[in-house]
Each structure stands twice: as structure tokens, then as C-alpha cells.
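Trainee: Residue numbers (the numbering used here): 1 to 299.
Here a beta-carbon is modelled for each residue, glycine too, at the ideal position from N, C-alpha and C.
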């Protein structure tokens, strides 16, 4: 590539200025594993209503974050929460709450397969909201991703309609959250955004379940699961923000498909759920659409 071509490519690249090193890739992979692990741990909590389990996980996460923020404040390393950070927190809360509620209604593999359309939704929203170019191959990828979701949902319509609706709302909210994450200023405090998100998720989870008639402490195994779920929840949120700060969306988006693999493994190992042929076909369509989207454009 000539020097002039490199200048043109840099000028037309919407992600210019974002490092493309492997650091963002590793952070994103860790974040996605943490997200699935947190869902598995939360689903394994017994004896509590889903909303109460979500609220307790959020409360533990807030307590852990408060300690970290307090230590940083003592060292004079306090950032600020701007409007973009607050908007991200609200979208993350909506996505996280609907996803957490959906895991109690659907097999984890089915839920993750539906959410695999998220990168394609992000591309469509980027074109509509951020006015980013939408080439023909992106339109083909979006169509394949949509078809894949329909294929998955067709046999899945025998599952909980509430769970399917929650999964779709969560997918859209997560895609919007990722767009806002791209706009976070470097000086914005990501921990404050995460703690606000945790507070909103916990409050909403408690509101959906109401106050228990006879409040009680969870059993020790459940409490340990909730604490582990809180830690992995924080890992998923903080690591994905750090990943977007180190790599463009085009590098991070395809990694979301690894969530399907982890979900399939956990579903099979813990709950004995195995995807049927239609689900595999839908996953193949979604992943193929993502690969088409990520294929380098012809010179």
C-alpha cells in the first residue's frame, strides 16, 4: 500500500485513533467468559426469586466496587461520570436485567444463540444512528443474522414467550450500549458507570420481585454463588469497556460468538441441555453472517 493509500485509509477509518493490538482481544474474551459464568452462577442459585437473586448480586457488586472506588479516591484517582457514562449505565442496566431474567426462562444456549445477533444489530444501528457506511455485504450479513434468529426462535416458540421477549430486548439494549461505549471519553470513570448500572439493575430486580414476605439470608452455597456471580459480573462489565478502549468494534464484535461455545458447554455439563438441529442451523447462519461482515473489503 502506498503512503497516499495509507493516508486515505486512515482518514476514512471510523475507528481511527483506536489501537488495534491484541490487548483488546484478550480483554474482550475474558469479559465474555465472565458474562456467561455470571449467568451460570446466578441461574444456579436456588430458593430465591429471580429478582431477589439479581438484587443480591448487584448489592454485592456495588459493595465490592465501593471499596475499589474508595481506595482510588484516597489516592486521588477519581474520575467523573459524564452523560455518556450515565446513558451507558442505563442501557447496561436494561440489558443486564432482561438478560438475567431471561436465563431463568430459557436454556442458556438458546439465549446466547439469540444474543449472537448482537454484532449485526450493532452494525445496523451504527449506520442509522452514527451514519456509518453500510456496504452490501453488511446488508447480507444482517439478513443472514436475522434469518438465523428466526430459525432458532421457530422451534424455540414452544419455550417461554416471556423469555424470548426478554432475550430480544436484551440483545437490542446491549447493542445500543456498545454504541454508547464507543463514545465514552478517555477521562470518563468506567467504574462509576458500572456501579450506577449495578444499582439500577438491583433496584429493578427487586421491583420485579417485590419484597419477600419473610426475608432470609441465602444458604452458604448460594451466597458463595452470588458472590462469585458478582465478581464475574464486574469482570464482564469493566473488561468490555477496557476492550473497547483498546480495539475497534470490528475486532471485538466477532468475539461475541465465543459466548455460544461457553453457553453450550455449561448447558450440556450442568443442565444436560443439547441444541437441536434447527438451533445448530440458526447458529451457523448467524456466525456465517458475522464472518461475512468481518471479511476485509476488496481493494
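I'd like the list of long-range same chain contacts for residue 84, defined as Cβ closer than 8 Å, with 5 residues on each side in sequence excluded.
Mentor: Taken in chain order, the residues that qualify are 180, 183, 184, 185 and 188.
Trainee: Please tell me whether residue 35 and residue 236 are closer than 8 Å, where the distance is taken between their beta carbons.
Mentor: Cβ distance < 8 Å, so residue 35 and residue 236 count as in contact.
Trainee: Can you look up residue 89 in the DSSP assignment and give me helix, strand or coil?
Mentor: Three-state DSSP puts residue 89 in a helix.
Trainee: Given a cut-off of 8 Å, decide if residue 208 and residue 51 are closer than it, judged by their beta-carbon atoms.
Mentor: Closer than 8 Å, so yes.
Trainee: Could you give the distance in angstroms between the alpha-carbon of residue 104 and the alpha-carbon of residue 220?
Mentor: So the two alpha carbons sit approximately 21 Å from each other.
Trainee: Can at least three beta-carbon pairs, one atom from the segment 163 to 182 and one from the segment 110 to 124, be found at a separation below 8 Å?
Mentor: Taking 8 Å as the limit for Cβ pairs, the verdict is that the segment 110 to 124 does touch the segment 163 to 182.
Trainee: Suppose contacts are defined by Cβ-Cβ distances below 8 Å. Is residue 194 in contact with residue 234 by that definition?
Mentor: Contact flag set, yes.
Trainee: My output table needs one value for residue 80: the three-state DSSP class, helix, strand or coil.
Mentor: It is a strand residue.
Trainee: Quick check on the burial criterion: 16 or more other C-beta atoms within 10 angstroms. Buried or exposed for residue 217?
Mentor: It is exposed - the Cβ of residue 217 has fewer than 16 other Cβ atoms within 10 Å.
Trainee: Less than 8 Å separating the beta-carbons of residue 205 and residue 90?
Mentor: No, Cβ-Cβ distance for residue 205 and residue 90 is not below 8 Å.
Trainee: Residue 117 by DSSP, collapsed to three states: which one?
Mentor: It is coil, neither helix nor strand.
Trainee: Thinking C-alpha only, which one of 246, 264, 131 and 277 is nearest residue 39?
Mentor: Cα-wise, what sits closest to residue 39 is 264.
Trainee: Cα-Cα, which of 172, 287 and 64 is closest to residue 256?
Mentor: It is 287.
Trainee: In chain order, what residues of the same chain lie with their CB nearer than 7 Å to the CB of residue 274, ignoring the 5 residues before and after it?
Mentor: The residues are 268.
Trainee: By Cβ distance, which residues of its chain are closer than 7 Å to residue 93, with the 5 residues on each side in sequence left out?
Mentor: Excluding sequence neighbours, residue 93 sits near 197, 200, 201 and 204.
Trainee: How far does the alpha helix (DSSP H) with residue 272 in it reach, from first residue to last?
Mentor: Per DSSP, residue 272 belongs to no alpha helix (DSSP H) and is neither H nor E.
Trainee: Residues in its own chain within less than 6 Å of residue 285 by CB, not counting five upstream and five downstream?
Mentor: The residues are 144, 147 and 148.
Trainee: Run through DSSP, which three-state label would residue 188 get?
Mentor: If DSSP states are grouped into helix, strand and coil, residue 188 belongs with the strands.
Trainee: Going by the CB atoms, is the gap between residue 282 and residue 113 shorter than 8 Å?
Mentor: Yes, the Cβ-Cβ distance between residue 113 and residue 282 is below 8 Å.
Trainee: Would a C-beta distance cut-off of 8 Å place residue 81 and residue 167 closer than the cut-off?
Mentor: Not in contact: residue 81 and residue 167 (Cβ atoms no closer than 8 Å).
Trainee: How big is the Cα-Cα spacing for residue 259 and residue 73?
Mentor: When rounded, the distance between both Cα atoms is 35 Å.
Trainee: Three-state secondary structure (DSSP) at residue 218?
Mentor: Looking at residue 218 - three-state DSSP - the assignment turns out to be coil, as it is neither helix nor strand.
Trainee: State buried or exposed for residue 9, treating a residue as buried only when at least 16 other CB atoms are found within 10 Å of its CB.
Mentor: Confidence in residue 9 is poor, its pLDDT being 40 and thus under 50, which makes the residue's placement unreliable; the coordinate value appears in the next sentence. It counts as exposed.
Trainee: Suppose the cutoff is 8 Å on Cβ atoms and the five residues either side in sequence are ignored; what does the same chain contact list for residue 62 look like?
Mentor: Around residue 62: 195, 198, 199 and 202.
Trainee: I'd like to check one pair, residue 243 with residue 49: are the Cβ atoms closer than 8 Å?
Mentor: No, Cβ-Cβ distance for residue 49 and residue 243 is not below 8 Å.
Trainee: Return yes when the Cβ of residue 69 is within less than 8 Å of the Cβ of residue 239, no when it is not.
Mentor: Not a contact, by the Cβ cut-off of 8 Å.
Trainee: Please determine, among 53, 97 and 87, the residue with the shortest C-alpha to C-alpha distance to residue 41.
Mentor: Per the Cα distances, 53.
Trainee: Along the alpha helix (DSSP H) that carries residue 174, what are the first and last residues, could you check?
Mentor: Unbroken alpha helix (DSSP H) run through residue 174: 161 to 182.
Trainee: What does a CB cutoff of less than 7 Å around residue 300 pick up in its chain, not counting 5 residues either side in sequence?
Mentor: Examination of residue 300 is not possible in this model, given that the chain is present from 1 through 299 alone.
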